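The sequence shown begins at 25 in my numbering and counts up by one.
From the three backbone atoms N, C-alpha and C, an ideal C-beta is built for every residue, glycine too.
These figures come from a predicted structure and were not determined experimentally.
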Amino acid sequence: MAEFSFELDDEQKAVRDWIHGFAADVMRPAAAEWDEREETPWPIIQEAAKIGLYSLDFYAQQYFDPTGLGVPMTMEELFWGDAGIALSIVGTGLAAVGVLANGTEEQIGTWVPQMYGDANDVKVAAFCSSEPDAGSDVASMRTRAVYDEAKDEWVLNGTKTWATNGGIANVHVVVAVVDPGLGSKGHASFIIPPGTPGLSQGQKFKKHGIRASHTAEVVLDGVRVPGHCLLGGKEKLDERLARARERAKEGGERLKNAAMATFEASRPAVGAMAVGTARAAYEVALDYARTRQQFGRPIIDNQGIAFQLSDMRTRIDAARLLVWRASWMAVSGKPFDSAEGSMSKLFASETAKEVTAQAVQILGGNGFTREYPVERMHRDAAIYTIFEGTSEIQRLVIARTLSGMPIR
25 MAEFSFELDD EQKAVRDWIH GFAADVMRPA AAEWDEREET PWPIIQEAAK
75 IGLYSLDFYA QQYFDPTGLG VPMTMEELFW GDAGIALSIV GTGLAAVGVL
125 ANGTEEQIGT WVPQMYGDAN DVKVAAFCSS EPDAGSDVAS MRTRAVYDEA
175 KDEWVLNGTK TWATNGGIAN VHVVVAVVDP GLGSKGHASF IIPPGTPGLS
225 QGQKFKKHGI RASHTAEVVL DGVRVPGHCL LGGKEKLDER LARARERAKE
275 GGERLKNAAM ATFEASRPAV GAMAVGTARA AYEVALDYAR TRQQFGRPII
325 DNQGIAFQLS DMRTRIDAAR LLVWRASWMA VSGKPFDSAE GSMSKLFASE
375 TAKEVTAQAV QILGGNGFTR EYPVERMHRD AAIYTIFEGT SEIQRLVIAR
425 TLSGMPIR
């Protein structure tokens, strides 16, 4: 078990400063442009790949950091730079986590490298779970995967939505229903290799925030994939479904489905993203309050402004500590007995929304214009309380965990 510390070691500090430099020198100067263009910032991703920041090796090092702080530290610094560009850089990670959480060693070794490509030919990946009628309610998922035993192939049909990198990805990871009678426990995850016939991009969404990140529908029309593209393999799936059917008869313990396993592993990381955006907005507001003169003195001399900034910083630090705790618990194998992962995501997400709104208010009319970045940060922050489990779903998870009751 890793010893917990609030102090990053020298190597972690060096990595943090390296990422911060990239965020400050490469991401921030380009943030407004790519927000306006609403396009994937391929040149920025390639720059990240050239220095090793966008690579399987780098994320593996952070993912396996024994303290658990590698991933949240990385996310905070990148999203301090810009949320839209950062999500384009790290969006592949959700698909990679889906394979790492559910795949065999052979599947991990085969598919995760193909999600990233290399510095000369960068690729991205997409994790496809949500559907038009199944977002928070994963039990309503309709995308079906049917096994063709004669050909040892799975046939997938359905429509996925809100997929980061959906349709432009080299590799798609798709969650589908294999046993409708088991609800969310009858789901499995599948790799859709590059160029597979039947997979196409549907609607590309024009979003309120994180506009540099590509978000679209993914349509699966008679998509056939080999049996080895079922994450974990069919033997493991059959065993899991058999246990789920037996426990359903007994009314016993609920099993986690593939999508939920991925989301549980990634929620503290999303919290760290929110911390990065909140910190960025706070720093802009603090600098502005120190230099903006009204009534012959800096506006930070007024308690109304100074107290707001005090509260903003306090919430940011508290959110970071919740994220670090959950990340350390996860790497140390400690169970989230009080839903600490959901707590971190909930509090950090709500903090990002509140802090960015306060930053806009402190800048006044300037904060409402695109001449200052807090307007963009405020738009970006709205996503944190929505994706990978809304704040309402986080509260539901926490309440159910604490009470042991099926709260609805």
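For residue i, tell me which candidate among the options has the shortest Cα-Cα distance.
{"i": "A305", "options": "R52, D33 and A125", "result": "R52"}
{"i": "A56", "options": "G428, R400 and L426", "result": "R400"}
{"i": "W348", "options": "F331, A372, G328 and R337", "result": "A372"}
{"i": "I234", "options": "S415, D59 and Q418", "result": "D59"}
{"i": "G141", "options": "P156, I113, T167 and A158", "result": "I113"}
{"i": "L380", "options": "R303, A119 and M297", "result": "Sequence inspection shows Thr at residue 380; the Leu mentioned does not correspond to that position. Among R303, A119 and M297, the Cα nearest to that of T380 is on R303."}
{"i": "L261", "options": "S290, K230, G246 and V202", "result": "V202"}
{"i": "D157", "options": "E412, V123, V355 and T183", "result": "T183"}
{"i": "E173", "options": "A383, V249 and T134", "result": "V249"}
{"i": "L310", "options": "V384, L118 and K377", "result": "V384"}
{"i": "Y312", "options": "Q382, R264, V247 and L265", "result": "Q382"}
{"i": "E155", "options": "M429, T425 and E412", "result": "E412"}
{"i": "E259", "options": "P221, T128 and I323", "result": "T128"}
Rounded to whole angstroms, what is the Cα-Cα separation between residue i and residue j?
{"i": "G388", "j": "D41", "result": "32 Å"}
{"i": "S164", "j": "Y83", "result": "33 Å"}
{"i": "S334", "j": "D325", "result": "13 Å"}
{"i": "G191", "j": "V242", "result": "6 Å"}
{"i": "A125", "j": "S160", "result": "20 Å"}
{"i": "W352", "j": "I410", "result": "24 Å"}
{"i": "R337", "j": "V199", "result": "39 Å"}
{"i": "W178", "j": "A54", "result": "42 Å"}
{"i": "S208", "j": "R321", "result": "59 Å"}
{"i": "T91", "j": "I340", "result": "21 Å"}
{"i": "G115", "j": "R267", "result": "33 Å"}
{"i": "T239", "j": "W186", "result": "6 Å"}
{"i": "G357", "j": "E395", "result": "46 Å"}
{"i": "Y87", "j": "Q317", "result": "45 Å"}
{"i": "V121", "j": "V197", "result": "10 Å"}
{"i": "K228", "j": "Q85", "result": "33 Å"}
{"i": "R166", "j": "S29", "result": "45 Å"}
{"i": "V162", "j": "V39", "result": "37 Å"}
{"i": "S224", "j": "C152", "result": "13 Å"}
{"i": "F331", "j": "G257", "result": "56 Å"}
{"i": "G251", "j": "D245", "result": "18 Å"}
{"i": "V136", "j": "L77", "result": "16 Å"}
{"i": "S366", "j": "A376", "result": "15 Å"}
{"i": "V398", "j": "E378", "result": "12 Å"}
{"i": "F392", "j": "H402", "result": "10 Å"}
Can you name, in chain order, every residue of its own chain whose Cβ lies under 7 Å from the Cβ of residue i, other than the five neighbours on each side?
{"i": "A423", "result": "I431"}
{"i": "P204", "result": "G210"}
{"i": "S79", "result": "A73 and Y140"}
{"i": "K230", "result": "E62"}
Within a Cβ cutoff of 6 Å, which residues of the same chain sit near residue i, ignoring the five residues on either side of it in sequence?
{"i": "S368", "result": "P292, G295, L346, V347 and A350"}
{"i": "L32", "result": "none"}
{"i": "A73", "result": "A143 and V146"}
{"i": "P218", "result": "N194"}
{"i": "C253", "result": "F214 and I215"}
{"i": "M97", "result": "R40"}
{"i": "V148", "result": "T116, N189 and A193"}
{"i": "V269", "result": "In the sequence on display, residue 269 carries Arg and not Val. So no residue of the chain qualifies."}
{"i": "G226", "result": "E241 and V243"}
{"i": "L370", "result": "S415 and Q418"}
Mark residue i as exposed unless 16 or more other C-beta atoms lie within 10 angstroms of its C-beta, in which case mark it buried.
{"i": "E374", "result": "buried"}
{"i": "S427", "result": "exposed"}
{"i": "D49", "result": "exposed"}
{"i": "E101", "result": "buried"}
{"i": "R314", "result": "exposed"}
{"i": "R61", "result": "exposed"}
{"i": "P359", "result": "exposed"}
{"i": "K273", "result": "exposed"}
{"i": "M99", "result": "buried"}
{"i": "P65", "result": "buried"}
{"i": "D81", "result": "exposed"}
{"i": "D176", "result": "exposed"}
{"i": "E263", "result": "exposed"}
Are the CB atoms of residue i and residue j nearer to each other than 8 Å?
{"i": "A143", "j": "A212", "result": "no"}
{"i": "A150", "j": "T188", "result": "yes"}
{"i": "Q131", "j": "L255", "result": "yes"}
{"i": "A343", "j": "A298", "result": "yes"}
{"i": "D361", "j": "A107", "result": "no"}
{"i": "I43", "j": "I68", "result": "no"}
{"i": "I386", "j": "I329", "result": "yes"}
{"i": "A363", "j": "V421", "result": "yes"}
{"i": "F46", "j": "I75", "result": "yes"}
{"i": "T265", "j": "L206", "result": "Per the sequence shown, residue 265 should be read as Leu rather than Thr. Cβ distance < 8 Å, so L265 and L206 count as in contact."}
Could you pull out every residue in the same chain whose Cβ sits closer than 8 Å to the Cβ of residue i, ignoring the five residues on either side in sequence?
{"i": "E35", "result": "none"}
{"i": "R278", "result": "Note that R278 has pLDDT 48, beneath the 50 cutoff, so the model's placement of it is unreliable and no number is given."}
Given the structure, does residue i come close to the ligand NAP, in the sense that its CB is under 7 Å from one of the ligand's heavy atoms?
{"i": "L387", "result": "What this structure holds is no ligand at all, so the ligand NAP is not there to describe."}
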